[in-house]
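Residue numbers (our numbering), protein chains in the order written: chain C, 1 to 116; chain X, 1 to 112.
Beta carbons: idealized from backbone N, C-alpha and C, even for Gly.
Please read these numbers as outputs of a predicted model, since none were measured by experiment.
Report on one structure; see the data block that follows.
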């Protein structure tokens, strides 16, 4: 079974530029998560989708970050404009069913963003 | 104080040593995950447990719900075990399933 796919794997941009990340979850997984992991810290949830609806985006900096999952499958996360402090690994994860207490999350390889 | 605390932050071991990484949490949980993250960022789920003990190869994970504590053990450690090990808990939140709260990770280096 294919895992969670993400692209690109690495991205270097200058501050104030825009960037977009793409995630393809495991087939059939209804729930999709975007995490931001700053060096030396654990991942922080940015946004959670259930199918194509947003479940939790309380920690998403909405002035510059946006995410969508239009058809309930692939998702894109965009930063516009980027700041130096956005340098991090952006992880996408998916899980089968939100309602289960034991729905394990499967993580993608991440996109390492460097903002210069 | 973080809701999930891991110790140690960094750990260097010689090949073959028995390794223990600890995780303590302060919230009610429905499950606890141990995750492995190699350089480059990708995360692999090692264990998900809600009680007792699980074993997979040289890895053993235990959890004590009453003490809100979990340990990850690696027997006969090998340089390929070098990675960051992250503890994450699935929080019980009334009216919803809650999300994962992550520890900061333990960076393990196993020297040949």
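query	result
Euclidean distance between Cα positions of residue 21 of chain X and residue 3 of chain C	27 Å
Neighbour flag for residue 72 of chain C against chain X, beta carbons, 8 Å	no
The region 86-97 of chain C in contact with the region 17-25 of chain C per 3-pair CB rule at 8 Å	yes
Any C-beta of chain A under 8 Å from that of residue 7 of chain X	Going by chain labels, chain A is absent from the structure shown, which instead holds the protein chains C and X.
Any chain X beta carbon closer than 8 Å to residue 46 of chain C	no
Cβ-Cβ distance between residue 103 of chain X and residue 27 of chain X below 8 Å	no
Any 3 or more C-beta pairs closer than 8 Å across the region 7-17 of chain C and the region 45-59 of chain C	no
Residue 63 of chain C classed as buried or exposed, judged by whether at least 16 other C-beta atoms fall within 10 angstroms	exposed
Same chain only: Cβ atoms within 6 Å of residue 10 of chain X, ignoring 5 sequence neighbours per side	107
Secondary structure of residue 56 of chain C, DSSP reduced to three states	strand
Within-8 Å CB hit, residue 91 of chain C to chain X	yes
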